[in-house]
Amino acid sequence: MADDQLVLEDNGAVFTLTINRADKLNALSPALVRDLLVMVRKVAASDARVLVLTGAGRAFSAGVDLKSVSSPEYTAESSRAFAADARAVIDLLETMPQATIAKVNGYCFTGGLEIALGCDFIMASDNSVFCDTHAKIGMRPKWGLSQRLPRRIGLQRAKEMSFTARRISAAEAVEIGLILRAVPAEQLDAEVASLAASIVANSADSVTAYKDLYGQVERVGLDEGLCYEATVTLELHDHATAKASSLLER
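Quick look at the structure:
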């Protein structure tokens, strides 16, 4: 593992994972994404409550490292493995018990955007820029953007972003619901820390249950989702009751 390309900080309840290729605008190579999956799995298995995912320098990520996928050694098999690893990272960000926050500090393009969309929240500096460049370079999305982007901003806006490869400012990204908030760059760390602290202040079981339940919104119909909610709520109630009884007996 290229440890210097990924930096994991353990701050107790809040972990921060930084893509550390600032000189390459945090471009995503197959090796980096494979290591990213290892790191995210490590956090998912920990007692952390929140994972903040960010990029060093002036980008969250400018997308796939095109040089790394243009060599003669990069085969169809390599392409399939790369896509599988990337999808696994994004799926895990969506489903892991921890709340996940993408802290975007500049460029967030294509593959970087796909990873950010896997997070529960996207917070950005007001100088950040978002773009889907697949059509510009003659590619199709392989990491789930065609499903996640329209669910986030609506089908028509998603088509406009993808068909035109137009750059979206942070202000517009807030307006269309792509991101939660945009703040001055010097305030981004504090805003993300405040959001993380607000999450940590609440019940871990409840937050994890909510994350699971809201995840069902995109995966099942209304009736099935309501039945699932009732089941999970009953399980959570039983757990909370047992916990309260244990405290009273002490």
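So for the sequence shown, the working numbering puts the first residue at 28; every next one is plus one. Heads up, the beta-carbon is just placed ideally off N, CA and C, and yes, glycines get one too.
**Message:** Spatial neighbours of Asp112 within its chain, please: C-beta separation below 6 Å, excluding the five flanking residues on both sides.
**Reply:** Val60, Arg61, Leu64
**Asked** Given Glu141, which residues of its chain have a CB within under 8 Å of its CB, disregarding the five upstream and five downstream residues?
**Response** Ala113, Ile117, Pro168, Trp170, Gly171, Leu172, Arg175
**Request:** Starting from Tyr237, trace the alpha helix (DSSP H) both ways and give me its first and last residue.
**Result:** 231-244
**Item:** Per DSSP, the bridge partner or partners of Leu222
**Value:** Answer is none; Leu222 lacks a bridge partner.
**Item:** Segment contact flag, the segment 117-134 with the segment 205-217, C-beta cutoff 8 Å, min 3 pairs
**Value:** yes
**Message:** With H, G and I counted as helix, E and B as strand and the rest as coil, what does DSSP make of Glu100?
**Reply:** coil
**Prompt:** For Glu193, is the classification buried or exposed, using 16 other Cβ atoms within 10 angstroms of its Cβ as the cut-off for buried?
**Reply:** Residue 193 is actually Arg in this sequence, not Glu. It counts as exposed.
**Asked** Of the choices Ser95, Thr43, Phe42, Ala71, whose alpha-carbon is the least far from that of Lys51?
**Response** Ser95
**Request:** Look at the Cβ atom of Phe87, then the Cβ atom of Cys135, and state whether they are nearer than 7 Å.
**Result:** yes
**Message:** Our contact map puts Gly242 next to Thr122 with C-beta atoms below 8 Å; I'd like the distance itself, whole angstroms only.
**Reply:** 6 Å
**Prompt:** Do the CB positions of Ser152 and Leu222 come within less than 7 Å of each other?
**Reply:** no
**Item:** Runs of beta strand (DSSP E) lying entirely within the segment 103-156, each at least 3 residues, in chain order
**Value:** 126-131, 134-136, 148-152
**Request:** Please report the Cβ distance between Leu78 and Gln32, rounded to the nearest whole angstrom; I am assuming they are in contact, meaning their Cβ atoms lie under 8 Å.
**Result:** Incorrect: roughly 17 Å between the Cβ atoms, too far for contact.
**Request:** Run the proximity test for Val210: is its beta-carbon closer than 6 Å to any non-hydrogen atom belonging to the ligand ATP?
**Result:** Of the ligands one can find in the structure shown there are none, so the ligand ATP has no counterpart to examine.
**Message:** Helix, strand or coil, according to DSSP, for Ile203 in the structure here?
**Reply:** coil
**Prompt:** By a C-beta neighbour count over all protein chains shown, 10 Å radius and 16 as the cutoff for buried, is Ser97 buried or exposed?
**Reply:** exposed
**Request:** Select from Ala228, Ala236, Val244 the residue whose C-alpha is nearest the C-alpha of Ala40.
**Result:** Ala228
**Cβ-based neighbour list, Asn84, same chain, cut-off 6 Å, excluding 5 preceding and 5 following** = Residue identity differs from the one stated: residue 84 is Gly in this sequence, not Asn. Within the same chain, Gly84 has close Cβ partners Ala49.
**Prompt:** What's the C-alpha gap between Ala143 and Glu100?
**Reply:** 29 Å
**Asked** Are the C-beta of Leu63 and some C-beta of chain D separated by less than 7 Å?
**Response** Looking for chain D here will not work: only one protein chain is present.
**Prompt:** Which class does Ala271 belong to by DSSP, given the choice of helix, strand or coil?
**Reply:** A caution first: Ala271 carries a pLDDT of 47, below 50, which makes its placement in the model unreliable, though a value can still be read off. Residue state, collapsed to three classes: helix.
**Message:** By the DSSP assignment, the alpha helix (DSSP H) with Ile46 in it spans what residues?
**Reply:** Taken as a continuous stretch (DSSP letters only), Ile46 belongs to no alpha helix (DSSP H), being part of the beta strand (DSSP E) at 41-46.
**Prompt:** According to DSSP, is Ser13 helix, strand or coil?
**Reply:** A question about residue 13 goes unanswered here, because the residues of the chain that appear run from 28 up to 277.
**Prompt:** Looking at Cys146 and Leu120, is the spacing between their C-beta atoms short of 7 Å?
**Reply:** yes
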